[in-house]
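Once you know that position 400 of the sequence shown is 399 in numbering that gives the first Met the number 0, the rest is easy, because the numbers rise by one and skip nothing.
For every residue, glycine included, the Cβ atom is placed at its ideal position computed from N, Cα and C.
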Amino acid sequence: MRPTQSIRLVTMNGVFVYVLVVLFGTGSWVTLNGLWVELPLLVPHLPEGWTLPSYLNVIIQVANIGPIGIALLFHFAKEKVNDKCVIYLLLSFGCVAALFLMFFWKTTSLIAGDFHSSGLFILVFVLAIVCCSASVVFLPFMALFKKHYITAFFIGQGMSGLLPSVVALAQGVGSMTCENVTSSDENQNVTDYVLIPVYHTPFFSVEQFIFFLFSTTLVCLISFTLLNTLSCCKREYTSTCRDKGITEDDVYIETEDNQLSQRKPEDDLRAMTPISLAGFLILNLLINVIANGCLPPVQTYSCLPYGTDIYHWSVTLSNIANPMACFVAFVFPVVSQRIIYGVTTAGFATASYILYTASSSPTPAFPDIGPTLVVLTWVFTTTLLTFAKVSIATLFLNEGKDALRMYGIGSQSGSTLGAIIMYILINVIGKFENAEPCPS
């Protein structure tokens, strides 16, 4: 499909519906992404200190019992389970948990002799079940819509990382200066000068930031309700769905021209063979092992050796690159399996450089060109792997709702596997060493 045709289709078939799908996708991971960027303001008030991220990472992985349970429910009781009801339930729990988080994130309890952030942990567990389950139930719902709307959903997922980052930057998260502090040893008559980080007061509170996360989740719920009920939205369902009265049966997507004979052989848009399907399932799992499991925990190790400004630039620009890659995948759709494998290989190559810089911490790799190189590498890696994920999802969309559910399960399984690997490397083996924010 030519780029102009793709843009014309969205214009003719409803910008309003496209925006609703983006908003629906935005709510999928916005709460957890928001809490990660807010960590510099959470840590000083909680007893875990900077071990808090490792606690949250374990809680999020335990929350994968949610999508596992949902997947089993759909497998053994498919006729009795409705995708839409599950989504309503998940988003409602997400709104309630985000609202409670505003009031109880500082609540602590004495557990095993130590104080822990019980309020935060319980509510993050609920939010994690909602976010982790999004891949299993949100994508199959998108199979009801015409093909080009799947990209809008992935743009929304990218925005779930970008929006909290922009709000956090406006809040002043991580804004700091290094100040000289003098320490004297009167016994040995020695004076030391030490640089310590002094964090600036944020422009608005943690509670107000969490209210933003709650509002975004509520907008996601409202958008889903409109997509599910408005007649103008149902007109954007595939003709297969409309003919079936918009049932929850498996959906197979038609092409825009509705003529199978007009497909070009090189487009590879035909039904995938079992071998191709299995190959892309494994590729999708590996992409998520790297993109969602391995890279996020090492971003501080990779970037902080070059300074806090480089770290914030890499976080912000890579979050911008995510929805931009989704938009590029929409304007220039790629369905060639060879190209998808090639893009993924390039993404793995750039990701390997990120892991190299992280393993070199606290010593910066290539001090002269390193700062620019590490930021560009993060942007390119995010762009390439996101583009590959969206392209694979487009192929699976043509195979129906069950294929999209397998895609979602593979995505979450890969993220979990990568997170477990990095937890062992960081917290058990101690492979990575963080750089000081104010090196002497």
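Which of helix, strand or coil DSSP assigns to residue i
i: Thr-181; result: strand
i: His-199; result: coil
i: Phe-431; result: coil
i: Thr-109; result: The sequence shown places Leu at residue 109, rather than the Thr named in the question. Three-state DSSP puts Leu-109 in a strand.
i: Phe-331; result: coil
i: Thr-393; result: helix
i: Thr-176; result: strand
i: Tyr-54; result: helix
i: Val-297; result: helix
i: Phe-365; result: coil
i: Leu-194; result: strand
i: Asn-257; result: Per-residue confidence for Asn-257 stands at a pLDDT of 42, beneath the threshold of 50, marking its modelled position as unreliable; the derived number appears in the next sentence. Correct three-state label for Asn-257: coil.
Close beta carbons around residue i, own chain, < 6 Å, minus the five adjacent residues each side
i: Tyr-310; result: Cys-302, Leu-303
i: Ala-133; result: Ser-27
i: Val-20; result: Tyr-148, Ala-151, Phe-152
i: Lys-430; result: Leu-424
i: Leu-403; result: Leu-138, Pro-139, Ala-142, Phe-395
i: Leu-226; result: Leu-19, Cys-232
i: Ser-174; result: His-199
i: Val-333; result: Ser-390
i: Leu-72; result: Val-80
N- and C-terminal bounds of the beta strand (DSSP E) containing residue i
i: His-115; result: 113–115
Unbroken alpha helix (DSSP H) run spanning residue i, endpoints
i: Ile-221; result: 205–228
i: Arg-404; result: 400–422
i: Pro-39; result: 38–41
i: Thr-150; result: 148–170
i: Asn-291; result: Neither: Asn-291 is in no alpha helix (DSSP H) and is coded neither H nor E.
i: Cys-94; result: 82–103
i: Thr-356; result: 336–359
i: Phe-23; result: 14–25
i: Pro-66; result: 64–75
Cβ shell of residue i (< 7 Å), same chain only, five flanking positions each side left out
i: Thr-362; result: Pro-304
i: Gly-48; result: Val-42
i: His-44; result: Lys-105
i: Gly-407; result: Ser-134, Val-135, Leu-138
i: Ala-127; result: Leu-31, Ile-58, Ile-59, Ala-62
i: Val-374; result: Ile-309, Trp-312, Ser-313, Leu-316
i: Thr-299; result: Tyr-310, Asn-433
i: Val-378; result: Leu-316, Ser-317, Ala-320
i: Met-405; result: Leu-280
Contact set for residue i: own chain, Cβ-Cβ below 8 Å, skip 5 residues either direction
i: Tyr-236; result: Leu-143, Phe-144, Lys-145, Ile-245
i: Ile-86; result: Val-136, Phe-137, Phe-140, Phe-223
i: Met-101; result: Glu-206, Ile-209, Phe-210, Phe-213
i: Cys-177; result: Leu-194, Ile-195, Pro-196, Val-197, Pro-436, Cys-437
i: Val-218; result: Leu-22, Thr-25, Gly-26
Presumed contact (8 Å Cβ cut-off) between residue i and residue j, rounded CB distance
i: Val-205; j: Leu-41; result: 7 Å
i: Gly-155; j: Ile-286; result: Not quite, the Cβ-Cβ distance comes to about 19 Å (not below 8 Å), so this is no contact.
i: Ala-418; j: Ser-360; result: Actually they do not touch by this definition, with Cβ atoms about 19 Å apart.
i: Thr-315; j: Ser-164; result: 6 Å
i: Ala-357; j: Val-297; result: 4 Å
i: Asn-283; j: Thr-381; result: With 8 Å as the limit, Asn-283 and Thr-381 do not qualify as a contact, their Cβ atoms being about 16 Å apart.
i: Asn-63; j: Cys-131; result: 5 Å
i: Val-123; j: Leu-34; result: 7 Å
i: Ile-339; j: Thr-376; result: That belief does not hold up - the Cβ atoms of Ile-339 and Thr-376 are roughly 21 Å apart, past 8 Å.
i: Ala-350; j: Leu-294; result: 6 Å
i: Ala-169; j: Phe-202; result: 7 Å
Test: residue i CB closer than 7 Å to a CB of chain C
i: Ser-358; result: Going by chain labels, chain C is absent from the structure shown, which holds only one protein chain.
The segment 308–328 / the segment 379–392 touching (three or more Cβ pairs under 8 Å): Touching, yes.
Inter-stretch contact at 8 Å, needing at least 3 Cβ pairs: the segment 337–353 / the segment 145–164: Cβ pair count under 8 Å is below three, so no.
Touch test, the segment 92–103 against the segment 197–216, Cβ-Cβ under 8 Å, three pairs minimum: With the cut-off at 8 Å, the segment 92–103 and the segment 197–216 touch.
Validate contact between the segment 283–299 and the segment 396–415 using beta carbons, cut 8 Å, 3 pairs: Contact holds: three or more Cβ-Cβ distances are below 8 Å.
The segment 47–63 in contact with the segment 115–123 per 3-pair CB rule at 8 Å: Yes, the segment 47–63 is in contact with the segment 115–123.
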